[in-house]
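Working notes, beginning with the structure itself.
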Amino acid sequence: MKEKFKYLILIDDDLMVNTFHEVVLSKSDLCEGYQFFEDPKKALRFFKDGQGQSPDAIFLDVNMPGMNGWEFIVALTQDQKQVPPIFMLTTSTYEADKRKAAKFQEVKGFLQKPLTLPTLKGVLEDLSAD
Amino acid sequence: MSRRSVYFVAAAIAICLIIFNQSFIQYWLYQKRADSELINVGGRQRMLSQRLLANVYALQIASSNTESNQDKIHQLITTDLADWEKAHQYLLDKLGNTGVFNWDKNSFEQLKALGADIEITKNKVATGISSAEELKAFKIHQDAYLKKMNEVVKQLEETSDSKLLLIIIVELLFALLSLIVIYYEINYVFKRINKDLSDQNIALKESNKVLEQYAFVAAHNFRSPVQNIINFTGLLTDTTAGKISEADATYLSYINSSANRMKQTTEELLQLAYIQQQELKIAACDMTSLIKHVQADLANRINETKAEFNINALPKVIQCDKHLMQFVVQHLLTNSLLYKHPDRAPVIDISYRETNDMHHFSFKDNGIGIDPNDQEGIFEMFKKLHNDSVYPGNGMGLAFCQTIMKKHKGSISIKSELEKGAEFIISLPKKTTV
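One line per chain: the protein sequences are A and B, in this order.
When you line the first sequence up against this note's numbering, it's residues 11 to 140, in that order.
When you line the second sequence up against this note's numbering, it's residues 136 to 569, in that order.
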């Protein structure tokens with residue numbers, strides 16, 4: 011089993027959520043590196059430019075202005091041959107969203123905000139199992 | 136022009152057209168009656184000419200027989216002559232002056248010429264008819280008049296008939312015009328007004344829907360900020376532990392727990408909106424496995440309270456919205472675990488009963504129960520019997536359950552006494568239709 015995430019990308023338009031997640035990640039000691047994006051379009055450009063290493067996973071907010079999580083996935087799969095596992099992060103737990111998540115094979119999980127130590131561990135286990 | 140005045144003008148035009156048509160018909164009916172009267176008088180003239188002839192004969196016979204009724208016959212002849220002349224003048228006046236009949240000039244001249252015939256008759260009667268020759272000449276004269284008058288009456292009738300035909304055609308055209316005008320008014324004015332009304336109706340329904348969604352949207356937008364408050368007050372609690380005064384730590388915890396309560400209310404409002412907006416998804420549902428599922432969700436709480444379940448002979452499959460029914464069962468079991476009696480571990484009996492067309496599921500516990508006096512309104516929104524600090528919650532759960540059961544065209548009811556546990560019975564139709 012993987013002990014730590016090497017690199018994570020987190021996309022959420024809410025600065026406070028990102029700030030909190032940064033605290034959670036740094037405290038968890040489960041992640042060697044990570045990058046936050048408030049604008050999914052900037053994240054797309056980041057992938058397009060091919061800078062830096064490919065992340066172990068993307069944590070992606072569903073509701074964002076301009077480009078929502080689903081649109082981001084569609085755009086990313088068009089740009090990239092290999093798409094990292096994506097975990098949707100949302101405050102909603104609607105069936106409709108979950109059903110939508112099931113339609114995207116890139117989406118490996120549907121998580122409720124905020125990220126916590128147990129959820130991070132769970133994701134790490136899921137990724138190791140694959 | 137405002138919509139109201141367009142409507143008014145359109146209605147006024149339609150009414151005017153109808154009134155005009157009716158006036159037209161009535162006017163020509165009146166004219167037709169006048170025509171008939173003229174024709175009638177013409178006919179009477181013929182009759183008078185022949186009666187004069189008959190009376191002149193009668194006078195002849197009477198005088199040769201020296202009968203006593205000669206004066207009477209003479210009287211009749213004089214009256215008829217006067218009538219005849221008078222009627223002739225009447226016809227001339229009517230046909231000559233008013234021009235109503237729209238007669239051609241020749242016909243009128245023909246009628247006018249008959250005046251001379253009447254004059255001759257008058258003179259002959261005045262001078263007296265004695266010989267057989269004179270009588271014969273008088274007969275020829277009267278018959279000639281009859282023939283000419285026949286001609287005149289025929290002319291009158293023909294003119295009247297052709298006028299009638301014209302009137303019928305004009306009237307049909309007017310009726311057609313009215314129909315066309317009214318058709319266009321209906322199409323372009325009344326229908327449009329109707330459409331405006333139904334548009335307004337649709338807009339109203341939409342605004343109602345928006346209002347319904349308002350709670351949903353508001354609650355939805357509360358979510359993230361409330362979650363942020365919870366996140367950061369939690370973080371602050373950790374980072375400031377031991378560094379701030381006990382009072383400050385308490386204040387911080389108050390903020391945190393308030394935000395948590397707000398979060399719960401928000402979630403429940405969203406859940407209610409969700410339930411209200413959802414169409415029922417009726418499918419076969421195994422209640423036994425549904426209850427097992429709920430028990431698994433509540434495993435922690437069940438272990439903590441050492442709760443015991445007795446589940447008796449439930450039907451294999453019922454028709455309902457599985458997701459919503461699970462919510463009801465979960466809520467009822469959560470309540471039983473929450474309102475447990477402090478002196479005893481919860482025992483929850485789940486049983487089934489059926490009537491002709493309904494399923495009834497009973498969820499019975501041995502908890503603190505509810506005083507019958509407090510049971511009224513228990514399924515209403517925000518009704519709570521206990522203080523938050525003792526039993527947490529917003530008093531929305533049972534309201535949700537009722538909403539869900541009503542959506543199924545079923546019901547939820549309670550039987551309980553204080554200290555003696557509570558029994559909730561949910562009923563739903565065997566044949567569920569959406």
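For each residue, glycine too, the CB sits at the ideal point set by N, CA and C.
Compare the C-beta of residue i against all C-beta atoms of chain A and say whether one is closer than 8 Å.
i: B:Gln-411; result: no
i: B:Leu-473; result: no
i: B:Arg-396; result: no
i: B:Phe-351; result: no
i: B:Leu-370; result: yes
i: B:Asn-366; result: yes
i: B:Ser-562; result: no
i: B:Gln-399; result: no
i: B:Asn-363; result: yes
i: B:Ser-551; result: no
Between the beta-carbon of residue i and the beta-carbon of residue j, is there less than 8 Å?
i: B:Ile-174; j: B:Ser-295; result: yes
i: B:Glu-558; j: B:Ala-534; result: no
i: B:Pro-477; j: B:Thr-440; result: no
i: A:Ile-21; j: A:Asp-71; result: yes
i: B:Ile-483; j: B:Phe-498; result: yes
i: A:Ile-83; j: A:Phe-114; result: yes
i: B:Ala-384; j: B:Ile-365; result: no
i: B:Gln-411; j: A:Lys-123; result: no
i: A:Thr-126; j: B:Ser-359; result: no
i: B:Ile-561; j: B:Val-463; result: yes
i: A:Ile-68; j: A:Pro-50; result: no
i: B:Gly-556; j: B:Gly-504; result: yes
i: B:Phe-325; j: B:Ala-145; result: yes
i: B:Val-287; j: B:Gly-178; result: no
i: B:Gln-166; j: B:Trp-219; result: no
i: A:Val-33; j: B:Leu-370; result: yes
i: A:Ser-38; j: A:Leu-130; result: yes
i: B:Val-191; j: B:Ile-253; result: no
Can you tell me the Cα-Cα spacing of residue i and residue j, whole angstroms?
i: B:Phe-357; j: B:Ala-419; result: 36 Å
i: B:Val-141; j: B:Asn-285; result: 58 Å
i: B:His-543; j: A:Lys-91; result: 48 Å
i: B:Arg-186; j: B:Gln-161; result: 37 Å
i: B:Asp-278; j: B:Ser-203; result: 29 Å
i: A:Phe-30; j: A:Glu-116; result: 25 Å
i: B:Ala-431; j: B:Lys-451; result: 19 Å
i: B:Ser-333; j: B:Gln-461; result: 40 Å
i: B:Asn-447; j: B:His-355; result: 41 Å
i: B:His-494; j: A:Gly-119; result: 38 Å
i: B:Lys-207; j: B:Glu-172; result: 30 Å
i: A:Arg-55; j: B:Gly-512; result: 57 Å
Could one say the Cβ of residue i lies closer than 8 Å to chain B's Cβ atoms, at least one of them?
i: A:Pro-94; result: no
i: A:Met-26; result: yes
i: A:Pro-128; result: no
i: A:Lys-58; result: no
i: A:Thr-87; result: no
i: A:Lys-110; result: no
i: A:Val-146; result: Summary: the structure shown does not reach residue 146 of chain A, with chain A confined to residues 11 through 140, and so no result is reported for it.
Buried or exposed for residue i, going by 16 or more other Cβ atoms inside 10 Å?
i: B:Glu-403; result: buried
i: B:Met-422; result: buried
i: B:Thr-262; result: exposed
i: B:Cys-455; result: buried
i: B:Leu-312; result: exposed
i: B:Gln-157; result: exposed
i: B:Val-352; result: exposed
i: B:Ser-551; result: buried
i: B:Ser-392; result: exposed
i: B:Thr-201; result: exposed
i: B:Val-345; result: exposed
i: A:Phe-15; result: buried
i: A:Gln-88; result: exposed
i: B:Met-540; result: buried
Tell me which residue opens and which closes the beta strand (DSSP E) that residue i is part of.
i: A:Phe-141; result: Not covered by the structure: residue 141 of chain A. The range shown for chain A is 11 to 140.
i: B:Pro-564; result: 557-564
i: A:Tyr-17; result: 15-21
i: A:Ala-67; result: 67-71
i: B:Asn-445; result: 443-446
i: B:His-494; result: 493-499
i: A:Tyr-129; result: The sequence shown places Thr at residue 129 of chain A, not Tyr. No beta strand (DSSP E) holds A:Thr-129; the alpha helix (DSSP H) holding it covers 127-139.
Looking at the unbroken alpha helix (DSSP H) that takes in residue i, where does it start and where does it end?
i: B:Tyr-487; result: Per DSSP, B:Tyr-487 belongs to no alpha helix (DSSP H); it is in the beta strand (DSSP E), 482-489.
i: B:Leu-415; result: Premise fails: B:Leu-415 is in no alpha helix (DSSP H) and is neither H nor E.
i: A:Val-117; result: Premise fails: A:Val-117 lies in the beta strand (DSSP E), 117-122, not in any alpha helix (DSSP H).
i: B:Ser-313; result: 267-320
i: B:Tyr-165; result: 138-199
With respect to 7 Å, is the separation between the Cβ of residue i and the closest non-hydrogen atom of the ligand MG below this value?
i: B:Ile-547; result: The model depicted lacks the ligand MG and carries no ligand whatsoever.
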